[in-house]
Each structure stands twice: as C-alpha cells, then as structure tokens.
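Beneath this line is the structure, given in structure tokens, with notes to follow.
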Amino acid sequence: ITSYTIAFNHTYIDTLQVVKLPDQEETLENLFSFLVDQIGGSYKISSNHIMLLSEQEIKATYQQRIPEVLAEPVTIEGVVKDSVTFQPLVYATICLLDEEDKILKVGVTDDEGTFSIESIHQPVSLRISYIGYSTLQVVPEVSEPAVYILSPDSRLIEDVIVTAGEVTYQIDRNSYQVTAKMREGTSTAVELLNKIHDVRFNPVTQEIKVGTETAVLLLIDGLQQSQEYIRSISPDRIQQIEIVHAPTGRYLSEGYSAIINFKLKKDYTGYDLNLTNFLIMNAGGNNGDDWVMMEQPSLNFSYTKDKWNIYGFGGWGRSRWNTMVSKEVEYKDLLSFITDDSAGSEPNNLYKYQGGAFSAGTNYRLKPDHVLSAEVGYEYNTNSTEDIFAFRTYAPGKNSYEKINNQTLNDLKEKNYVGTFYYKGKFTETFELYSDLSYNYYSTDIHNHFSQQGATKYQQQNEYRGNKNQLIFNLEGTWTFSPKLSFNSGYMGAWRNYLSKNTEGKTFLDYDEIRNKLFAYVSFTPDEKLQVKAGTGVEYLYTDNNQSHAGRWNWQPYLQMNYKINPWINMNAGYITDIRYPSLYQLSSLNTAIDSILTQRGNPDLKSALRHTVTMRVTFWDRVIISPVFKYTPERISDYYRQENGEFYRTFENINMKQYILRTALEQPIGRSLNFSANLYIYKDIASLGTLKHADTGFLMDTELDYYNQKIHLGATVNYTRMLERSMMLQGYQMINSDGWYVNVVKQFPKQNLTIRLSWVPPLDVGVRRDQEKWVNTGFYKESTIHRQDVYKNMILLNVGLRFRKGQVKTNNKQSQIEREEREKQLIGF
C-alpha cells in the first residue's frame, strides 16, 4: 500500500478500467511498469508524486500545431483546493491549453497547493486534474493569482492499492490499510477502530477492546506518546493501523495484553489543533439532581517544522453519578444487615470526580535516522464516594430488628508527574537502537470516614498519605539479517518505592521493588505461508516491604506462529506470558472502614502474577474469526475475605485462576453504506486456593449496524451490548461493565472542520440486565449487593470536535510510558 499521489489526464485515461496486478509482492517501479504496459504509455516518479501519461496523451502532445510565440512570456499563478475541506491539493496536475484543447505547458502544485507556470504561448484555458476529483477546465486568471476549487468524483478510485488486499497477516499482528471509506464518519483516531475487524471503541464508556482484552496500549509508528493525545489524532493523518495481539519485550512487564499501532503518513510539515467537548446528560431524571453527569473539554495541538516536532494535550473533566444500591450482609453468629426498603428510593451511592491531565513533548531529529525526544506529563484529580444506607439489623436469637443508618465517605486526592527522555537511531540498514529513561512521582491523600446512627452508634475516621517513586530504563536493539530473518534483544531495569503513612506519621508501608529483565526473540519466515517468532524474557524481581524481603525469577517464554492456509483462510496460534504487579492500595496495610464490623486492609506480602496464555485465531475471508483461548494465572491477585481474632477483613491474596474462552466475530458489509458486526464470547472461570474452589460460566455479546452517507456526511449506528460480566473472585463474583442499547448519529461539516456526534441510550429493557451484582459467601461472612444501573436509561451523550489543520504533521516519537497507578475500579466506568 502506498501514500504516493498520482497525477493523470482524466481525458485520456479510463479510471474505470480494471487491471489485474501480479499476485506476488513487487517494488513500486515494477508495479507501475506493469500498469503502463497494460494501458499503454509511460510514467515518471518525482519525490512522492507519480505522473501517469497514456500513449494517446503523448501522441496528442507531439502532434499539436506550433502556436505563435508571444512578445513577452505570460505567467499563470494560483492555488488548488478541495471543495469539501478547503485544504490545498498537493501535486495536482496543471495544463495550459490552446483553443483546440492541445497542451501548451504542464506543471504541478507544490506542498502548499500553489503553482506558477510561465508560458511563451497564450493559453486559452486551464485544465486541473487530481486523482479522486473531477477535472476542472476554466479560463485562466492572468492578472493575479486565483483560487481553483476541485470537487471529489465518486467514480474515481479512493486509494492507491498495490497489494492484493487491505489486511496483511503477520506473526504477532494484523495490518490494516486505512481507506477513505474507513475514514467516513470519523473525526479521531479511536473512532477509526470500529472500522477494524475484532476491535471495538465504545463511545459511551470510551473503552477500547481488542478481542477480549481491555489492557490496550496506543502507539504512533511503533513509538509511544501521551495516550490522550494519540486518541484525538485526525484520521486523515493515519495511513495504516497495526493490531498487535501478542506483545513482546518490555510491554509484557507493563501489563498490556494488546497494542494498537497507528502508522502516519510521512514527510509533511504543518500544524493540527483540535478542540473537543464530551458531555453526558441524563434526560430521564435517574441521576438525582445532577442532570449533567459528565463534561470533558480538551485541547490537542501538534506542530512540525524542519527538524523539530512539538505536541501537547490539555484536558479537564468532572463527573456526577448518583445510583441506587441495596445490600444484605450476614456475619455468622454475630449480626445481619438488610437494606430497609421503606426508607425511600433516592440515590444512596454518590460519586463525584474532578480532574485534569496535561502533557507536552518535543522531538529533535539529529539526522534523518537519529532522534532525541523529551515529554512531561501532569495529572490531578479529586474524587469522593459516599454510601448512605438505612438498614434493619438482626441479632442471633432475637425475633425483632433494630434500625440503623450507615454513612461511608471516601475522599481521594491524587497527583501524578511523569518525565521521559529517549533516543532512537538507525546505524546501518540492518541495525536499530532504542533507549529511554523515565521517572514518575505519584502522591495520594485518602480520607475515610464511617458513622453509624440509630440503635447502635459507632464512628471511625482514617486519614492517610501515600506516594510512589519510580525509575525505568530501557535499551533495545533490532538486527535484520534478511527479509526472512531478524533478531530483537534488550534490557529493562526498574526501581519502584511505595510509602504510606497516616497523618500522625505512623508508617503502614515502605515497599521497594527492583526489576532486572533481559529478553530476546527471533523472527523467521521459512516460506510465504509460514511465519514463526520465538524467544523468552527472564526477569529477576527483588521486593522488600521493610519487614521481609525476597527475590524470585520470572521466565516468560514466547512462541507465535502464523500460517496462511490459502487466500481465504489464515490461522494464528501462540503461547505468551505476561506479568501483573500489585498496586499501592493492594499492598498498604492501612485500614479503611466498610461498615462497623468489616475493614479493608492491603497485603504487603503479595507476589507479582505471571499469566500464561494459549490462543488460536482462525480468520475466514477477512470477515469471520473463531478463537479459542486458555489463560492460566497461578498467583492472580484477588479480593479475599478473612476472619482473624474475632475481626473481619477484606484484603488481597494470590490465588489460582483458569479461564476458558471461545470467541467468534463477524464483520459483514451490506452494500457501500451499511456494515454489520457481531461478537460473541462464551467463558468459564475457575478460581482456587488450597481446598477452596469456585467456578462460573457466562456469555457476552456485542452487535452493531453502522450506516454512513458520504454525500451529506451523515452517519448513524445502532448497537446492542450484553457485556455485564461476572469478574471471578475466590469467594464469589463482582459484576463489571453493563448491558444496553445505544443509537449514535454523527454529522460532519467539512468546510468548518466541525464534527457533532450525538448518542442516546434509550430506556429499553429488552435483553438488558439492570442489576450489577456482587455476591460473596465465605461461611463466616455473606454479602449480596445489587447496584442498580437505571442511571443509563435515557442517557444522552454529545461530543463536539472542532479541528484546525494545515498540511500533515510528521510522526511524534515516544516509546516508553510509566504505568499509571491504579485505584480500585468503580462499578460504573467513568
């Protein structure tokens, strides 16, 4: 697939003529030599521009009569622009013609879409042609430069394709060419993902999913940047998208299960400024007094000039989610709590969030293949969760109940600072080197307050401060010995310290972690059908929690194979391993009150979790995927309830987890304007620890019908999602995500660079489960919690984007990213 532009004379070349290209891969020169042999004529390649001439055109040019020479040359100047976007058209063909429409002189527009042609003969008309546009022939302006507008021609081909198809299957990834049709109805990079088979971007939750994986990293040209910045890049800048299903190297230690790599068009200079606002409103009165549930304005910019590239992101947001929760709890031989339904139906789970994120970076190109870069980032947020319960309490042996009111308030303030320096260089045609150094400082203030009023009064208040310091160094080299053989090897070193204290200065956690990891992989392509990649990573992990210390080895073998059975069937199979590390809130032994009896406490003795994944993915006709998956995590970090010395704790433990998944995915275009997609997941989870064992099964579904009208730039989508999933715990389960319908309408105003996207979640209960449940049974403690999701009914989402752009921006290069410190996930993922 090529990003070259093509200039040709529409009068002499039939754009509807079908030419069959060779099946095998060819160079660009060989392909165009083959093409002109079929249509007759010649071609010329200059920079990123191809001029195509037919034999008829050449003959007409040489057979024209010799016109009279002017006393003084005449100069024709102007600029050529797109009638829809009003952007300049680069390398459009300009022909000066005489009264018989014979060519006097030919020129092309430059990088700004302008041209200046001097002629010793008097032109009668001016003809402008450009691939994908209707040819324009007008009387030229001689006195001053003029603006010439070309309109898109739907009869002409939209993209130049010199490979057999739009999908390329590789060892660990699939590559997709981004066509003009894919860009229809999209205004950002993430909106393009819904046009990729087996990838989904949910406009309601803003979540990206590759297959069944949600731990997805976004890259630009194989390099890493601010994730918020990447999400908002213009689709017009993207030439190709790679979906990496089996990451290797340092990415396995950063917790990513899939990678999406956006490859940009090259060698352009310009700027890009994008203003957006994302608003969620509740039209059904299901969110208490807060009809505005979320607002999120943001600004992105990028500017490239000569050797410099500067980019940045700034965003702010606030959320208000008010939901209903009912709860039933039993402490064996002690007490039971049951929500008092007579207390009313006002929301009793109140969540508030406010925060911002800012990042900026610059790249400097020392030489064409050597780049230095720096990026800084800052995030802050304050959020609070307030639970208000009216309970009836029952004591053993009593026939009557007592009423109590519980209030739990958790306030959290977080700040996060990141800085990265890196270098990337290509020393020879066979060797590339990459290195980076990143520092991260994270701090959090936690305020936990519990009060109980009624028959029994009780209060508890806890205040803590925690922080993280982290330093990461990466060094990686790639050797390409031949098109069939390459070798990749590198080193990753990381140091991390967690410190947690209360306001009186008592230390609850002082945790150090040191990682040293080496990895090496060999990629081999024995023939055109088979590709193999194999290798391993070996990591030595040392931890010290100020009470005990330990060192352990983690081996991460890797084997991936891709086999193209025939032109319609492709099979990919592999075995990979990746690691999850415990977070601050899971390690710190500080106490936070859940109710008057149950307390949450971290576990400083948690181990990192090594996950083994065996997968197979068979693709038919680039439309249907069947994929069985097995995941085994012998030390997965999970919630765990325990009773010690008469006290009840919710803490964390390493447990065994097995997951079996069978997934099918379908993508089916219906004509030019309609597209249907469907995903079905059947899963079984088994959790165990010692003699304890818990298993569960379920199925999930995601279907979508998408329509777009290119003429009026209007699109519509109807989606049904059944994704309310039981996340397995050893002693129960916690449901996450949601079910629902949504209708999405997008209208683009190309001349104003404006996109308006309006989504509606209708109050339909057909096929929708509104209860997000949590169920725990330990023998000594039982809990049944129902979190009502009526807040989703009649929800309206409005996303407005305004983009100012000139030219196309060169790639921004950053490969390393500090992993964000995670808190415990909220039930509603906003």
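This note's numbering runs 744 ahead of the 1-based position in the sequence shown. No residue lacks a Cβ here, since even glycine has one placed at the ideal position from N, Cα and C.
Opposing strand residues paired with N918 [DSSP bridges]:
Y913 and I987
With G1346 and T1377 assumed to form a contact (beta carbons below 8 angstroms), what rounded beta-carbon distance in angstroms separates them?
Actually they do not touch by this definition, with Cβ atoms about 20 angstroms apart.
Once DSSP output is grouped into helix, strand and coil, what is the label at M926?
Three-state DSSP puts M926 in a helix.
Pairwise C-alpha distance: T1408 and H941
11 angstroms
Pick from Y920, K846, S827 and D854: whose alpha carbon is nearest that of Y877?
S827
So, for R944: in the same chain, excluding its five sequence neighbours on each side, which residues have a beta-carbon less than 6 angstroms away from its beta-carbon?
K953
Give me the residue from F1548, N1497, M1539 and F1217 with the minimum Cα distance to W1035.
M1539
For T1129 and K1157, believed in contact at Cβ under 8 angstroms, the rounded distance
The Cβ separation is near 13 angstroms, so there is no contact.
Mapping DSSP to helix, strand and coil, what is I1562?
Residue placement at I1562 is flagged as unreliable, the pLDDT there being 42, under the threshold of 50; a coordinate-derived value is accordingly withheld.
Comparing C-alpha positions only, which one of I1414, L1433, S1421 and Q1412 sits nearest to K1402?
L1433
Using the DSSP secondary-structure output, state which residues sit across from N1298 in a beta bridge.
For N1298, the pairing in a beta bridge is given by DSSP as E1283.
Between which residues of its own chain and V960 is the CB-CB distance below 8 angstroms, once the five residues before and five after are set aside?
I952, K953, V954, Y1000, S1001, A1002, I1003 and I1004
Rounded to the nearest angstrom, what separates H1193 and N1154 at their Cα positions?
It is roughly 7 angstroms from the alpha-carbon of H1193 to the alpha-carbon of N1154.
Using the three-state DSSP reduction, which class does A933 fall into: helix, strand or coil?
Correct three-state label for A933: helix.
Sort out for me which residues DSSP pairs L1422 with in a bridge.
Residue identity differs from the one stated: residue 1422 is Ala in this sequence, not Leu. A1422 is bridged to L1410 and T1447.
Between N1398 and R1380, is the Cβ-Cβ spacing less than 8 angstroms?
yes
Could you tell me which residues DSSP puts in a beta bridge with W1365?
None, per the DSSP bridge assignment.
Taking 8 angstroms as the threshold, find out whether the region 1255-1264 comes into contact with the region 1235-1245 through three or more Cβ pairs.
yes
I need the straight-line Cα distance from D1429 to Y1242, nearest angstrom please.
32 angstroms
DSSP three-state call for K1351: helix, strand or coil?
coil
N-terminal and C-terminal residue of the beta strand (DSSP E) that E1176 is part of:
Run containing E1176: F1175 to G1198, per the beta strand (DSSP E) assignment.
Starting from N938, follow its DSSP beta bridges and name the residues at the other end.
In DSSP, N938 forms no bridge with anything.
Tell me which residues share the same chain as Y806 and place their Cβ nearer than 7 angstroms to its Cβ, disregarding the 5 neighbours each side in the sequence.
For Y806, the predicted structure reports a pLDDT of 45, less than 50, and the residue's modelled location is therefore unreliable. The matter cannot be settled from this model.
Only counting the same chain, and skipping five residues up and downstream in sequence, which positions put a Cβ closer than 6 angstroms to that of H1356?
T1321 and Y1376
May I ask which residues mark the beginning and end of the alpha helix (DSSP H) holding Y973?
Q971 to R975
Start and end residues, alpha helix (DSSP H) containing Y1329:
L1328 to L1331
Could you check what DSSP says for R1513 in three-state terms: helix, strand or coil?
coil
Quick one: any contact between the region 1174-1184 and the region 1136-1150, if contact means 3 or more CB pairs under 8 angstroms?
Taking 8 angstroms as the limit for Cβ pairs, the verdict is that the region 1136-1150 does not touch the region 1174-1184.
Below 8 angstroms on the Cβ atoms is my guess for T1020 versus V1489; work out the distance and round it to an integer in Å.
Not confirmed; about 17 angstroms, so no contact.
From the DSSP secondary-structure annotation, give me the bridge partner or partners of M1360.
A1317
Given a threshold of 16 other Cβ atoms within 10 Å of its Cβ, counted over all protein chains shown, does A1101 qualify as buried or as exposed?
buried
Helix, strand or coil for V1577 per DSSP?
For the chain, the structure presents residues 745 to 1574; residue 1577 sits outside this window and is missing.
Which of helix, strand or coil does DSSP assign to K1228?
coil
Take the Cβ of R809 as the centre, count every other Cβ of all protein chains shown within 10 Å, and call the residue buried at 16 or more, exposed below.
Bear in mind that the predicted position of R809 carries a pLDDT of just 49, short of 50, making it unreliable; the figure below should be weighed with that in mind. Classification for R809: exposed.
P1507 vs G1028 beta-carbon contact at 8 angstroms
yes
8 angstroms contact criterion, which R917 and H865 should meet: CB distance rounded:
About 55 angstroms; that fails the 8 angstroms criterion.
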